[in-house]
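2 protein chains.
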Amino acid sequence: MFVSSTVFVMEQSKSFRAGPLNIRVTLPAPGWRTGAAGPQRERLSVERIVDTALDLMRSKGYDAVSMRAIAKALETGPASLYAHVANKEHLDQLVVDRIAQQVPIPEPDPDRWDEQIKQMMRDTLAAYRQYPGAARATMAIIPTELGALRSAEGMLALCKAGGLTDQVAAWACDLLSLYVGAVAVEESIWAERTRAAGRAGAEVDEQLVVDQVRAYFESLPADRFPLVSAMAVAMTTGDGEDRFEFALSVLLSGMRAVSEQG
Amino acid sequence: MFVSSTVFVMEQSKSFRAGPLNIRVTLPAPGWRTGAAGPQRERLSVERIVDTALDLMRSKGYDAVSMRAIAKALETGPASLYAHVANKEHLDQLVVDRIAQQVPIPEPDPDRWDEQIKQMMRDTLAAYRQYPGAARATMAIIPTELGALRSAEGMLALCKAGGLTDQVAAWACDLLSLYVGAVAVEESIWAERTRAAGRAGAEVDEQLVVDQVRAYFESLPADRFPLVSAMAVAMTTGDGEDRFEFALSVLLSGMRAVSEQG
DNA sequence: AGGGATTGACGAACAGTGTTCGTGAACGGA
DNA sequence: TCCGTTCACGAACACTGTTCGTCAATCCCT
Chain A
1 MFVSSTVFVM EQSKSFRAGP LNIRVTLPAP GWRTGAAGPQ RERLSVERIV
51 DTALDLMRSK GYDAVSMRAI AKALETGPAS LYAHVANKEH LDQLVVDRIA
101 QQVPIPEPDP DRWDEQIKQM MRDTLAAYRQ YPGAARATMA IIPTELGALR
151 SAEGMLALCK AGGLTDQVAA WACDLLSLYV GAVAVEESIW AERTRAAGRA
201 GAEVDEQLVV DQVRAYFESL PADRFPLVSA MAVAMTTGDG EDRFEFALSV
251 LLSGMRAVSE QG
Chain B
1 MFVSSTVFVM EQSKSFRAGP LNIRVTLPAP GWRTGAAGPQ RERLSVERIV
51 DTALDLMRSK GYDAVSMRAI AKALETGPAS LYAHVANKEH LDQLVVDRIA
101 QQVPIPEPDP DRWDEQIKQM MRDTLAAYRQ YPGAARATMA IIPTELGALR
151 SAEGMLALCK AGGLTDQVAA WACDLLSLYV GAVAVEESIW AERTRAAGRA
201 GAEVDEQLVV DQVRAYFESL PADRFPLVSA MAVAMTTGDG EDRFEFALSV
251 LLSGMRAVSE QG
């Protein structure tokens, strides 16, 4: 499935980095060699590169995905990749965009638009979780690629179904995607640590870490940190899911409130 | 000014990495050599290392802060740093914590607690902005160092002044610091790109980029992206400040709402 | 005061990283 | 059939974080 379409091409194929800020858009796939049998080795393409990057990421984590590792998996050298991808940053954006395409876009229902937005957020987080570390590339993206545009369009539709102002809807989409990206990044860093600790030997008991932190908070001197020590339990209660759901409630309540009060 | 205090020491100094997840706490400064005149070259210390890291970061950006660069600025080799700092990740945490110590903690006033929280968030963002890229290390921190604890304590105090539930207050602090960290990271990535573009020649006109993106959104096919193309103006309106203020309003309205409805 | 042990400093090296250059071969169009 | 474009790729460059082994300076103890 080709991502390319002349509609999305702002810059011409000769130069990946036309704009001063390197805002990149997917290139048209190399048009020639449409039919006929392939050569001995299957041709390299953006799709194949992104595919193997995703595979590696899913099985070995973000840090294992280097240009060399991708090239090796494709049985070639790292230099070959640069004919199809501008650089690693560009590849990361393509990877993220491909992931974004996985999340389903619901048909807006004015009666439960907020629940639908929450579900989209949950789905997005779930998609990121499949590829630990990919989210690190999300945060600096202006949605110009297909996947991000699709998400933005879906989110905007839900916001409008909820009767939000245009301005609130637009900024809220920004805020929501920034937040879900941040959560994914945070989780991926912890996952990476657990992975590293696992490689180094000792198993990691998550509950044990939580208990340790709680005990530490409680042990703090009450004269300097009265609240942290007193609220140690509240601060260490709940797993990632609980906190995520809490944040979703806060964000959606807030969006409604701000939209109403203008 | 020493950060160390036996209160904060969970692990003993012999090993930086005791816990399976490498949750590190500042070590007690080397106690020996309390008085007497120094040798020819001033002794290395955690403080001096963090100081030069901050200097480098402020003047040349995060990517310029490598162990080698820090060592060079201190007129020594990279290996010398590892006697005082476990690794780069640890150093990053110390740097972030030092930055966090710069933000002022207000005296809680129940009449304007929400405005006080907003101000703390603004101050935190401003502090991060001084050191582009430092925020990249924030996101995976459990507040166990002095600076982070101080912030958490201040935030909790303001939340309690606003009458929030313990649970809401605790989770909200988490959410708020995650968000402000995410904004700082996002900005730093853009700043890095601008920096890189500047190094490569062409000046970057921010307004021009915005105009370009807006034009691109408007040019999208209305049958596939009706909302994005129609709301192009709303989506590209407002600078970072406007969006940040919007997010603060959303977050605080949401916190109030969630706390009231239980 | 002298000797031994501790400990910070540090040069060199290792295993990686992203990226570029120049060569060589395969292919489509004329 | 030949030309010129286009992709593949080996080698190398300039980095990165980190570790090892050594050296000299310092403190403590006798």
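The listed protein sequences correspond, in order, to chains A and B.
Numbering follows my numbering, in which position 181 of the first sequence is assigned residue number 181; successive positions increment by one, without gaps.
Numbering follows my numbering, in which position 40 of the second sequence is assigned residue number 40; successive positions increment by one, without gaps.
A virtual CB, placed ideally from N, CA and C, is assigned to each residue, including glycine.
Nearest CA to the CA of residue 232(A): which residue from 131(B), 143(B) and 106(B)? The residue given as residue 232(A) occupies position 232 in the first sequence. It is 143(B) whose Cα lies nearest to the Cα of residue 232(A).
Backbone secondary structure at residue 264(B) - three-state DSSP: Because chain B is modelled from 1 through 262, residue 264(B) falls outside the range shown and cannot be assessed.
Quick one: using the 10 Å Cβ neighbour count with 16 as the cut-off for buried, is residue 265(B) buried or exposed? Residue 265(B) lies beyond the residue range present for chain B, which begins at 1 and ends at 262; the question has no answer from this structure.
Find the nearest neighbour of residue 44(A) within the set 253(A), 155(A), 63(A) and 78(A), judged by alpha-carbon distance. The residue labelled residue 44(A) in the question sits at position 44 within the first sequence. Residue 44(A) has its Cα closest to that of 78(A), out of 253(A), 155(A), 63(A) and 78(A).
Within chain B, the residues that residue 195(A) reaches when beta carbons sit closer than 8 angstroms: Here residue 195(A) refers to the residue found at position 195 of the first sequence. None at all; the shortest Cβ gap to chain B is about 11 angstroms.
Compare the C-alpha of residue 147(B) against each of 215(A), 48(A) and 224(A) and name the closest. Taking the first residue of the second sequence as 1, we reach residue 147(B) at position 147. For the residues 215(A), 48(A) and 224(A), the minimum Cα distance to residue 147(B) belongs to 224(A).
In whole angstroms, what is the alpha-carbon distance linking residue 191(B) and residue 60(B)? Your numbering for residue 191(B) matches position 191 in the second sequence. Your numbering for residue 60(B) matches position 60 in the second sequence. The alpha-carbon atoms of residue 191(B) and residue 60(B) are separated by roughly 11 angstroms.
Output needed in chain order: residues of the segment 91 to 124 of chain A with a Cβ under 9 angstroms from some Cβ in chain B. So the list is empty, because no residue satisfies the distance condition.
Tell me, to the nearest whole angstrom, how far the beta carbon of residue 128(A) is from that of residue 135(A); I am working on the premise that it is less than 8 angstroms. Stepping through the first sequence from its first residue, residue 128(A) is reached at position 128. Stepping through the first sequence from its first residue, residue 135(A) is reached at position 135. That belief holds up - the Cβ atoms of residue 128(A) and residue 135(A) are roughly 5 angstroms apart, short of 8 angstroms.
Just mark residue 221(A) as buried or exposed, buried being the case when its beta carbon has 16 or more other beta carbons within 10 Å. Numbered from its first residue, the first sequence carries residue 221(A) at position 221. Residue 221(A) is exposed by the Cβ-count criterion.
Using a Cβ cut-off of 8 angstroms (strictly closer), state whether residue 158(A) contacts chain B. Residue mapping note: residue 158(A) aligns to position 158 of the first sequence, counting from 1. Output row for residue 158(A): interface = no.
Which residues in the same chain have their Cβ closer than 7 angstroms to the Cβ of residue 84(A), if we skip the five residues on either side of it in sequence? Translated into positions along the first sequence, residue 84(A) becomes position 84. If the five residues before and after residue 84(A) are omitted, its C-beta is found closer than 7 angstroms to the C-beta atoms of 44, 45, 46 and 49, all from its own chain and listed in chain order.
If you measure between the beta carbons of residue 104(B) and residue 158(B), is that distance less than 8 angstroms? Against the second sequence, residue 104(B) aligns to sequence position 104. Against the second sequence, residue 158(B) aligns to sequence position 158. No, these two residues do not count as a Cβ contact at 8 angstroms.
Under 7 angstroms Cβ-Cβ, which residues of chain A neighbour residue 153(B)? Indexing the second sequence from 1 puts residue 153(B) at position 153. Simply 225, 227 and 228.
Return the CA-CA distance between residue 181(A) and residue 125(A), expressed in angstroms with no decimal places. The residue given as residue 181(A) occupies position 181 in the first sequence. The residue given as residue 125(A) occupies position 125 in the first sequence. Going by C-alpha positions, residue 181(A) is about 8 angstroms away from residue 125(A).
Residue 90(A) by DSSP, collapsed to three states: which one? Translated into positions along the first sequence, residue 90(A) becomes position 90. Assigned with DSSP and collapsed to three states, residue 90(A) falls in helix.
Whole-Å CB distance - residue 164(B) paired with residue 121(B), under 8 angstroms assumed: Here residue 164(B) refers to the residue found at position 164 when the second sequence is read from its first residue. Here residue 121(B) refers to the residue found at position 121 when the second sequence is read from its first residue. Incorrect: roughly 16 angstroms between the Cβ atoms, too far for contact.
Which residues in the same chain have their Cβ closer than 6 angstroms to the Cβ of residue 261(A), if we skip the five residues on either side of it in sequence? If you number the first sequence from 1, residue 261(A) lands on position 261. Result list for residue 261(A): empty, nothing under 6 angstroms.
Could you work out which residues of chain A lie near residue 243(B), taking near to mean beta carbons separated by less than 7 angstroms? For this step, residue 243(B) is matched to residue 243 along the second sequence. What residue 243(B) touches in chain A: 171 and 174.
Looking at chain A, is there any beta carbon in it that lies within less than 8 angstroms of the beta carbon of residue 18(B)? As a first step, residue 18(B) must be located in the second sequence, where it is residue number 18. Only weak support is given to the placement of residue 18(B): the predicted model assigns it a pLDDT of 34, under 50, and the question is left unresolved by the model.
Using beta-carbon positions only, say whether residue 264(A) and residue 54(A) come within less than 8 angstroms of one another. Any property of residue 264(A) remains undetermined from this structure, which presents chain A solely from 1 to 262.
Straight-line gap, residue 213(B) to residue 154(A) (C-alpha atoms, nearest Å): Walking along the second sequence from the start, residue 213(B) turns up at place 213. Walking along the first sequence from the start, residue 154(A) turns up at place 154. Rounded to whole angstroms, the gap between the alpha carbons of residue 213(B) and residue 154(A) is 19 angstroms.
Starting from the beta carbon of residue 80(B), find every residue of chain A whose beta carbon is closer than 7 angstroms, and list them in chain order. Start at 1 with the first residue of the second sequence, and residue 80(B) comes out as number 80. Taking a Cβ-Cβ cut-off of 7 angstroms, residue 80(B) has no neighbours in chain A, whose nearest Cβ is about 25 angstroms from it.
Considering only heavy atoms of the ligand PLP, does any lie closer than 7 angstroms to the CB of residue 90(B)? In terms of ligand content, the structure shown is empty, and the ligand PLP therefore cannot be addressed.
Thinking C-alpha only, which one of 252(B), 171(B) and 216(B) is nearest residue 245(A)? The count along the first sequence starts at 1 and reaches residue 245(A) at position 245. Considering only alpha carbons, the answer is 171(B).
Between the CA atoms of residue 226(B) and residue 254(B) - distance to the nearest angstrom: Start at 1 with the first residue of the second sequence, and residue 254(B) comes out as number 254. Start at 1 with the first residue of the second sequence, and residue 226(B) comes out as number 226. Distance between the alpha carbons of residue 254(B) and residue 226(B) is about 29 angstroms.
Do residue 150(B) and residue 101(B) count as a contact pair if the criterion is CB distance below 8 angstroms? Sequence index remark: in the second sequence, residue 101(B) carries index 101 (1-based). Sequence index remark: in the second sequence, residue 150(B) carries index 150 (1-based). Cβ atoms of residue 101(B) and residue 150(B): closer than 8 angstroms.
Reference residue 188(A), options 234(A), 211(A), 179(A) and 133(A), closest by Cα: Within the first sequence, the letter at position 188 stands for residue 188(A). Checked all of 234(A), 211(A), 179(A) and 133(A); the closest Cα to residue 188(A) is 133(A).
Run of the alpha helix (DSSP H) containing residue 233(A), from where it starts to where it stops: What you label residue 233(A) is simply residue 233 of the first sequence in a count that begins at 1. Run containing residue 233(A): 232 to 236, per the alpha helix (DSSP H) assignment.
Inside the segment 105 to 178 of chain A only - alpha helix (DSSP H) runs reaching at least 4 residues: Whole alpha helix (DSSP H) segments, 4+ residues: 113 to 130 and 146 to 161.
Pair within 8 angstroms by beta-carbon distance, residue 174(B) and residue 243(A): Taking the first residue of the second sequence as position 1, residue 174(B) is located at position 174. Taking the first residue of the first sequence as position 1, residue 243(A) is located at position 243. For the 8 angstroms CB-CB criterion, residue 174(B) and residue 243(A) form a contact.
Output the boundary residues of the alpha helix (DSSP H) element that contains residue 217(A). The residue given as residue 217(A) occupies position 217 in the first sequence. Start and end: 206 to 218.
Closer than 7 angstroms at the beta carbon, the chain A residues around residue 149(B): As a first step, residue 149(B) is located in the second sequence; it is residue number 149 there, counting from the start. Ordered by position in chain A, the residues that pass the 7 angstroms Cβ test against residue 149(B) are 225 and 228.
Determine the closest residue to residue 196(A) out of 62(A), 52(A), 88(A) and 218(A), with distance taken between C-alpha atoms. Residue mapping note: residue 196(A) aligns to position 196 of the first sequence, counting from 1. Closest option to residue 196(A), Cα to Cα, is 62(A).
Taking the alpha helix (DSSP H) that residue 47(A) falls in, what are its first and last residues? Translated into positions along the first sequence, residue 47(A) becomes position 47. Here the alpha helix (DSSP H) through residue 47(A) covers 46 to 60.
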